[in-house]
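**Q** Last residue of the sequence shown: 391 (our numbering), numbering continuous.
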Amino acid sequence: MIFQRLADQLAEIERRGLRRRRVARESPQGSRIVVNGREYLAFCSNDYLGLANHPRIVEAAIDAALRHGVGEGASHLLSGHSVVHERLEAKLSKFVEMPRALLFSSGYQANIGAITALAGPEDAIFSDALNHASLIDGVRLSRARVVRYPHVDLEFLERALADSRARTRLVVTDGVFSMDGDIAPLPVMLDLCDRHDAWLLVDDAHGFGVIGPEGRGSPAYFGLRSPRIVYVGTLGKAAGVAGAFVAGASEVVETVLQRARAYIYTTASPALLAAAVEASLQLIQEEEWRRERVRQLIGELKQALRGTDVVLALSYTPIQPVIIGGNGEAVSASAALRERGILVPAIRPPTVPEGTARLRISLSAAHSEQDVARLAAALREVCPSNAAAHA
Ligand SMILES: *Cc1c(COP(=O)(O)O)cnc(C)c1O
1 MIFQRLADQL AEIERRGLRR RRVARESPQG SRIVVNGREY LAFCSNDYLG
51 LANHPRIVEA AIDAALRHGV GEGASHLLSG HSVVHERLEA KLSKFVEMPR
101 ALLFSSGYQA NIGAITALAG PEDAIFSDAL NHASLIDGVR LSRARVVRYP
151 HVDLEFLERA LADSRARTRL VVTDGVFSMD GDIAPLPVML DLCDRHDAWL
201 LVDDAHGFGV IGPEGRGSPA YFGLRSPRIV YVGTLGKAAG VAGAFVAGAS
251 EVVETVLQRA RAYIYTTASP ALLAAAVEAS LQLIQEEEWR RERVRQLIGE
301 LKQALRGTDV VLALSYTPIQ PVIIGGNGEA VSASAALRER GILVPAIRPP
351 TVPEGTARLR ISLSAAHSEQ DVARLAAALR EVCPSNAAAH A
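1) Which residues mark the beginning and the end of the beta strand (DSSP E) in which Leu200 is found?
2) Going by beta-carbon coordinates alone, are Val232 and Ala110 separated by less than 7 Å?
3) For Leu253, name the three-state secondary structure that DSSP assigns.
4) Just mark Asp407 as buried or exposed, buried being the case when its beta carbon has 16 or more other beta carbons within 10 Å.
5) Comparing C-alpha positions only, which one of Ile324, Ser27 and Ile347 sits nearest to Arg19?
6) Given the structure, does Ser127 come close to ligand 1, in the sense that its CB is under 6 Å from one of the ligand's heavy atoms?
7) I'd like to know whether the C-beta atoms of Gly209 and Leu49 end up nearer to each other than 7 Å.
8) From the DSSP output, which residues share a beta bridge with Glu39?
9) Are there any heavy atoms of ligand 1 lying less than 6 Å away from the beta-carbon of Thr255, as far as the coordinates show?
10) Out of Ala42, Val331 and Val372, which one is the CA nearest neighbour of Arg21?
11) Taking DSSP's pairing of strands, which residues face Thr234 in a bridge?
12) Look at the Cβ atom of Ala373, then the Cβ atom of Arg290, and state whether they are nearer than 7 Å.
13) Rounded to the nearest angstrom, what separates Arg338 and Ala205 at their Cα positions?
14) Mind reading off the beta-carbon distance from Arg167 to Glu97? Whole number of angstroms is fine, and I expect it under 8 Å.
15) What does a CB cutoff of less than 7 Å around Ala160 pick up in its chain, not counting 5 residues either side in sequence?
16) So Glu89 and Ser82 are supposed to be a Cβ contact under 8 Å. How far apart are they, rounded?
17) Just to be sure I understand the criterion: a residue counts if its Cβ is closer than 6 Å to at least one heavy atom of ligand 1. Which residues meet that?
18) Could you check whether Gly107 and Ala244 sit closer than 7 Å to each other, using their CB atoms as the reference points?
19) Do Ser218 and Ile211 have their beta-carbon atoms positioned less than 7 Å apart in this structure?
20) Apart from the five residues just before and just after Ile284, which ones in its own chain have a Cβ nearer than 6 Å to its Cβ?
21) Could you tell me the distance, in whole angstroms, from the CA atom of Ser27 to the CA atom of Val58?
This is the structure we're talking about:
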């Protein structure tokens, strides 16, 4: 019986065009990746700055492995915390211009940890409808009352904040929305949080390293500094390594350290990764050309598709979605690109709202102008016209 139930559920996933399949990559991450012995031009990673296989970062990891070993053997609060973690936390907090930072093994854990540490059953959380799944799960685990506001509907948010009598109010948002590429209107949101005494948690998985001066992220992009901001940066995307951190006021970070079960009850991530992130952080700061290249490629892609039947969503970040609508059509377009040697993932519900299946193009500093021209030409061949949807 229980086996039949799983089989039925899986058949239903297949029938609805929602079955997901993994492909095993044979090469490092980069603008060209090898799958089943074939090389593809890839627009399917979050390695926005092309750092995932950078020799200086690889070397830093190797060197740290030789000096510190590969495993930490315990959680941070027991004996797993090393001087390498400590030093990276100091550098990250300085980089994002916040008093303190705390490392996590992943962004998923950092979001769950920060949210559950800051809000509990007597509190209220205000969450954008397009927030990342890890924020949604953190909100659920916190057992706080949740107000889910329509995507960047700040009037709705303001009313909800004004109506709330909760002990603590916490607004949570992606800094750069992961499937649309738009940037949250943080200045107005911070102003609302000031007026209604709320925390503003910004999940900057796609902003850290990518936007703002020297890649300092979305609050810096707007020139914002406030003790109300709880910043979550992730280190597996633009930084090209793995992990995440929560930064903010000292009391906030100390609270997360003391209370977050996702921090306390897990083994510290290897110091060799922290050393790799340290090397990456230096490249993020020093090599402005990487962000400049990405900006230029965004312009090239928009230019190449202007006036065609393939309409990009409005985004100024390396995430450039082509909203197609139906699951089947999005999957077919992705498959047709793959036949042409180009990888662009089809993103379907529940990752995006029903009826908004899309191709999610991610540009990287590792791409060239020719790569983008080739992508644009292929998109024009394989995409059903989505112009009507944007008219
Ligand atoms: C990828 C992502 C995360 C999770 O980060 P990981 O380090 O991959 O666990 C969190 N939030 C957003 C918006 C993301 O895109």
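From the three backbone atoms N, C-alpha and C, an ideal C-beta is built for every residue, glycine too.
**A** Taking the coordinates as given:
1) Taking the sequence shown and counting its residues from 1, the one referred to as residue 200 is at position 200. Leu200 -> beta strand (DSSP E) spans Ala198 to Asp203.
2) Within the sequence shown, residue 232 is the residue found at index 232, counting from 1. Within the sequence shown, residue 110 is the residue found at index 110, counting from 1. Contact annotation: Val232 and Ala110 have beta-carbon atoms nearer than 7 Å.
3) For the purposes of this step, residue 253 is taken as the residue at position 253 of the sequence shown. Sequence check: residue 253 is Val here, not Leu. Three-state DSSP puts Val253 in a helix.
4) Here the chain comprises residues numbered 1 to 391, so residue 407 is not present and cannot be evaluated.
5) Working through the sequence shown from its first residue, we reach residue 19 at position 19. Closest by alpha carbon: Ile347.
6) Counting from one through the sequence shown, the residue named residue 127 turns up at place 127. Outside the cutoff, so no.
7) As a first step, residue 209 is located in the sequence shown; it is residue number 209 there, counting from the start. As a first step, residue 49 is located in the sequence shown; it is residue number 49 there, counting from the start. Going by C-beta atoms, Gly209 is nearer than 7 Å to Leu49.
8) What you label residue 39 is simply residue 39 of the sequence shown in a count that begins at 1. Beta-bridge pairing links Glu39 to Val34.
9) Here residue 255 refers to the residue found at position 255 when the sequence shown is read from its first residue. Distances taken from the Cβ of Thr255 to the heavy atoms of ligand 1 include none shorter than 6 Å.
10) On the sequence shown, position 21 is the one that residue 21 refers to. Nearest option by C-alpha distance: Val331.
11) Start at 1 with the first residue of the sequence shown, and residue 234 comes out as number 234. According to DSSP, Thr234 bridges with Ala244.
12) For the purposes of this step, residue 373 is taken as the residue at position 373 of the sequence shown. For the purposes of this step, residue 290 is taken as the residue at position 290 of the sequence shown. Cβ distance not < 7 Å, so Ala373 and Arg290 don't count as in contact.
13) Mapped onto the sequence shown, residue 338 falls at position 338. Mapped onto the sequence shown, residue 205 falls at position 205. Those two C-alpha atoms are separated by around 27 Å.
14) Position 167 of the sequence shown, counted from the start, is the residue given in the question as residue 167. Position 97 of the sequence shown, counted from the start, is the residue given in the question as residue 97. Actually they do not touch by this definition, with Cβ atoms about 29 Å apart.
15) Position 160 of the sequence shown, counted from the first residue, corresponds to residue 160. Closer than 7 Å at Cβ, skipping near neighbours: Phe126, Val147 and Tyr149.
16) For the purposes of this step, residue 89 is identified with residue 89 of the sequence shown, where counting begins at 1. For the purposes of this step, residue 82 is identified with residue 82 of the sequence shown, where counting begins at 1. Glu89 to Ser82, Cβ: 11 Å. No contact.
17) Ser106, Gly107, Tyr108, Asn111, His132, Ser134, Asp174, Ser178, Asp203, Ala205, His206, Thr234, Gly236 and Ala244
18) Reading the sequence shown from its first residue, position 244 is the one you call residue 244. Reading the sequence shown from its first residue, position 107 is the one you call residue 107. With respect to the 7 Å criterion, Ala244 and Gly107 are classified as neighbours on the basis of their beta carbons.
19) On the sequence shown, residue 211 is found 211 positions in, with the first residue counted as 1. On the sequence shown, residue 218 is found 218 positions in, with the first residue counted as 1. Between Ile211 and Ser218, the C-beta gap is smaller than 7 Å, which places the two residues in contact.
20) Reading the sequence shown from its first residue, position 284 is the one you call residue 284. Gly209 and Gly215, listed in sequence order.
21) Here residue 27 is taken as the residue at index 27 of the sequence shown, counted from 1. Here residue 58 is taken as the residue at index 58 of the sequence shown, counted from 1. One C-alpha to the other measures close to 15 Å.
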